[in-house]
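**Student:** Sharing a structure with you now.
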Amino acid sequence: VCSSDLGSSTFLNCTSLTALSFPLLSRINTNAFGNCIRLTTVSFPLLSYVTTSVFYNCQQLESVSFPNAAHIGSFAFTNCSNLSWASFAKVSYIYNNAFWGCSQLFSLYLLGSSVVTLQSLDAFENTPMNEAYQGRYGNVYVPSELYSSYLTATNWNNLQSGIITPY
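By our numbering, the letter at position 114 of the sequence shown is numbered 437, and the numbering carries on one by one without gaps.
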């Protein structure tokens with residue numbers, strides 16, 4: 324990719340795609356990898372925004388790390404049923420339904436320097452993070468200096484028992 328921007332639906336329904344590496348890409352548009360059902364590995368070190376439905380229904384995606392992403396768009400990882408681990412070093416905002424249906428999401432690392440704005444609890448609907456689980460099965464790992472702020476932050480306060488600090 325010569326551009327720093329990947330167009331909408333570029334790889335939509337590429338069911339044989341298993342791995343991606345775009346070291347210079349900073350933005351991926353809506354549905355770029357939707358329904359890539361065999362996709363297991365992604366690498367986007369410069370990506371600044373995980374847009375709407377970008378990995379929708381990537382059922383084999385197991386873990387993701389986006390060190391520069393500031394936002395996680397609506398439905399970004401919806402129905403990524405094997406996603407068990409996700410890490411975001413700079414994220415500041417998680418939109419609605421971002422992880423809906425990620426039934427194996429047991430570890431979410433939010434390692435930025437401020438509390439992430441969580442648009443609504445439905446970001447974790449049908450996941451181990453869901454408020455119905457009360458954090459018994461999934462955990463949100465946050466920096467120790469932000470731990471008490473997460474416990475009282477809007478929407479995060481409903482996930483208190485699952486918010487922990489790894490260090």
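A virtual CB, placed ideally from N, CA and C, is assigned to each residue, including glycine.
The beta strand (DSSP E) that contains residue 432, what's its start and end?
**Tutor:** Here residue 432 refers to the residue found at position 109 when the sequence shown is read from its first residue. Per DSSP, residue 432 belongs to the beta strand (DSSP E) from 430-433.
**Student:** Below 9 Å between beta carbons: does that hold for residue 452 and residue 474?
**Tutor:** Here the question's residue 452 lines up with position 129 in the sequence shown. Here the question's residue 474 lines up with position 151 in the sequence shown. The answer is no: Cβ separation not under 9 Å.
**Student:** Could you tell me if residue 457 is buried or exposed, where buried requires 16 or more neighbouring beta carbons within 10 angstroms of its beta carbon?
**Tutor:** As a first step, residue 457 must be located in the sequence shown, where it is residue number 134. Bear in mind that the predicted position of residue 457 carries a pLDDT of just 49, short of 50, making it unreliable; the figure below should be weighed with that in mind. By the neighbour-count rule (16 or more Cβ atoms within 10 Å), residue 457 is not buried but exposed.
**Student:** Excluding the 5 residues flanking residue 337 on each side, which residues of the same chain have their C-beta closer than 7 Å to its C-beta?
**Tutor:** Position 14 of the sequence shown, counting from 1, holds the residue named residue 337. Only 359 meet the Cβ criterion.
**Student:** State the start and end residues of the unbroken beta strand (DSSP E) segment that holds residue 410.
**Tutor:** What you label residue 410 is simply residue 87 of the sequence shown in a count that begins at 1. Where residue 410 is concerned, the enclosing beta strand (DSSP E) stretches over 408-411.
**Student:** Quick one: what does DSSP say residue 475 is sitting in, helix, strand or coil?
**Tutor:** For the purposes of this step, residue 475 is identified with residue 152 of the sequence shown, where counting begins at 1. Of the three classes helix, strand and coil, the one that applies to residue 475 here is helix, per DSSP.
**Student:** Note down the Cα distance separating residue 405 from residue 425, rounded to an integer number of angstroms.
**Tutor:** As a working note, residue 405 is residue 82 in the sequence shown. As a working note, residue 425 is residue 102 in the sequence shown. Distance between the alpha carbons of residue 405 and residue 425: 7 Å.
**Student:** Given a cut-off of 9 Å, decide if residue 374 and residue 393 are closer than it, judged by their beta-carbon atoms.
**Tutor:** Taking the sequence shown and counting its residues from 1, one reaches residue 393 at position 70. Taking the sequence shown and counting its residues from 1, one reaches residue 374 at position 51. No. Outside cutoff.
**Student:** When you compare each of 341, 410, 416, 349 to residue 477 by their alpha carbons, which one comes out closest?
**Tutor:** The sequence position of residue 477 within the sequence shown is 154, counting from 1. Proximity to residue 477 across 341, 410, 416, 349 peaks at 416, based on C-alpha coordinates.
**Student:** Taking DSSP as the reference, what is the three-state secondary structure of residue 379?
**Tutor:** The residue labelled residue 379 in the question sits at position 56 within the sequence shown. In this structure, residue 379 counts as coil in the three-state DSSP scheme.
**Student:** What's the gap between the Cα of residue 420 and the Cα of residue 357?
**Tutor:** Here residue 420 corresponds to residue number 97 of the sequence shown, with the count starting at 1. Here residue 357 corresponds to residue number 34 of the sequence shown, with the count starting at 1. Whole-angstrom Cα-Cα distance: 15 Å.
**Student:** Where does residue 426 sit, in a helix, a strand or coil, going by DSSP?
**Tutor:** Counted from its first residue, the sequence shown places residue 426 at position 103. In the structure shown, residue 426 sits in coil (DSSP, three-state: anything other than H, G, I, E or B).
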